[in-house]
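Engineer: Anchor point for the sequence shown: position 246 equals 246 in UniProt numbering, and the numbering is continuous, going up by one each time. The beta carbon of each residue, even a glycine, is placed where N, CA and C say it ideally should be.
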Amino acid sequence: MHLPHIAPDRLPSVLHRMPKAELHIHIEGSLEPELIFKLAQRNGVRLPYPDVQALRAAYAFTDLQSFLDIYYAGASVLLKEEDFFDMAWAYLEKAAADNVVHAEIFFDPQTHTARGVSMGTVIRGLHHACQRAHQEWGISARLILCFLRHLSEAEAFETLEAALPYREHFIGVGLDSSEVGHPPEKFARVFARCRELGLHVVAHAGEEGPPAYIWQALDVLRVQRIDHGVQATCDPALMQRLAQTRVPLTVCPLSNVKLCVFPDLRRHNLRQLLDAGLCVTINSDDPAYFGGYLNDNFVQLFAALDLGPREAYQLALNSFEASFVDEATRRGWQRQLKDFFEGLREHD
Ligand SMILES: Nc1ncnc2[nH]cnc12
Ligand SMILES: [Zn+2]
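#1: So for residue 364, helix, strand or coil by DSSP?
#2: If you check the beta carbons only, do C130 and G174 fall under 8 angstroms apart?
#3: Just to confirm my understanding: we take S177, look at its own chain, exclude 5 residues before and 5 after, and list those with CB closer than 7 angstroms. What are they?
#4: With a cut-off of 8 angstroms, do at least 3 Cβ pairs link the stretch 184 to 193 to the stretch 225 to 237?
#5: Taking 7 angstroms as the cut-off, is the beta-carbon of E155 closer than that to any non-hydrogen atom of ligand 1?
#6: Quick test of the definition: if touching needs 3 or more C-beta pairs under 8 angstroms, does the stretch 87 to 94 touch the stretch 14 to 34?
#7: If you run the structure through DSSP and keep just helix, strand and coil, what is K80?
#8: Residues in the same chain with beta-carbon distance under 7 angstroms from M18, minus the five sequence neighbours each way, listed in chain order, please.
#9: Between the C-alpha atoms of D285 and K20, what's the straight-line distance to the nearest angstrom?
#10: Starting from K258, trace the alpha helix (DSSP H) both ways and give me its first and last residue.
#11: For L145, report the span of its beta strand (DSSP E) as first-last.
#12: Suppose you measure from the CA of Q224 to the CA of P12; what does that come to, to the nearest Å?
#13: Starting from the Cα of H26, find the closest Cα among G308, L143, R46 and give me that residue.
#14: Under 7 angstroms from any heavy atom of ligand 2, does the C-beta of H24 make it?
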């Protein structure tokens, strides 16, 4: 396809307007400080920070664990179904405004069931927000249940069991939380069970952890996507495998900088991943904590790496290719995307 030259100052508008899917967003990571304080007050939860400014000031992370400690503390204000609804509603409103036409949303039930919140409360609240957002803005949203990898496989099995009465409300399972020291193979049996149940399977791997964890996620868990996966560039054989199979990577640029995986966006390896022919996508991970939603990730990364309309088209196309929607829906969105880019003029 011929793509027009787009002046650098016009590119943010193109990135904003193009239809896209978001495939790596932790709904608990979309909880803004203002909503944390509102829910804390509504539920009578005491927070260890006096106000929104003090909480935001604590968002200076040195690695994944330093972030996770604050992220789990923030989630402690979520108690009732309406809290989960409000959190997901706020994210979906922003996503729809970013021209996200489809979102596959992670949630961490163990963070809530450990505090006595029932699985039903969590899933019903999130599911109703997804339903309402579809009615209101036409955005399609699906849920992916994540197992916390710092907990045991037995606890993951218990979580799966508790979630099965709500099987129709989530499309797959993932693996998140503290990566190093918790290799994918720790969850081999529970992932095998999830595959038997017909659930989609994804896992965080190669965010901070070594390429060996990506190999394990592929060969032991047999995942359909790798979340992050940026450490793959350290392993040429792995790069070749990912390029040949086009198992997607859901990359999160602002997250990678906030968690010190890369010193700054100009040093991010996204262009290398893209140039090697991998099915890379751009995502926000935990937007309330990392300084931006999906379009902020696109705009800042494109400026830092000097990317243009060709890469924008490829990344949005990849986001649909990597999604778990049916073939007809996928083709419809890819057609819409092509029409959008074909309709662009120099002055756009
Ligand atoms: N970036 C991330 N890595 C691992 N677990 C997470 N949970 C929320 N965000 C995460
Ligand atoms: Zn993540």
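Structural biologist: The relevant details are as follows:
#1: Residue 364 is absent from the model: the chain starts at 1 and stops at 348.
#2: Not a contact, by the Cβ cut-off of 8 angstroms.
#3: Excluding the 5 residues flanking it on each side, S177 has same chain C-beta neighbours closer than 7 angstroms at L68, L148, R149, H150, in chain order.
#4: Contact between the stretch 184 to 193 and the stretch 225 to 237 is absent, because fewer than three Cβ pairs lie under 8 angstroms.
#5: Distances from the CB of E155 to the heavy atoms of ligand 1 are all 7 angstroms or more.
#6: As far as the Cβ criterion goes, the stretch 87 to 94 touches the stretch 14 to 34, which means the pair count is three or higher.
#7: Residue state for K80 is assigned as coil, using DSSP reduced to three classes.
#8: The answer, listed in chain order, is N99, A312, A316, L337, F340.
#9: Going by C-alpha positions, D285 is about 15 angstroms away from K20.
#10: From DSSP, the alpha helix (DSSP H) with K258 extends over 253 to 258.
#11: That run of the beta strand (DSSP E) goes 140 to 148.
#12: Rounded to the nearest angstrom, the two C-alpha atoms are 31 angstroms apart.
#13: Per the Cα distances, L143.
#14: H24: yes, Cβ under 7 angstroms from ligand 2.
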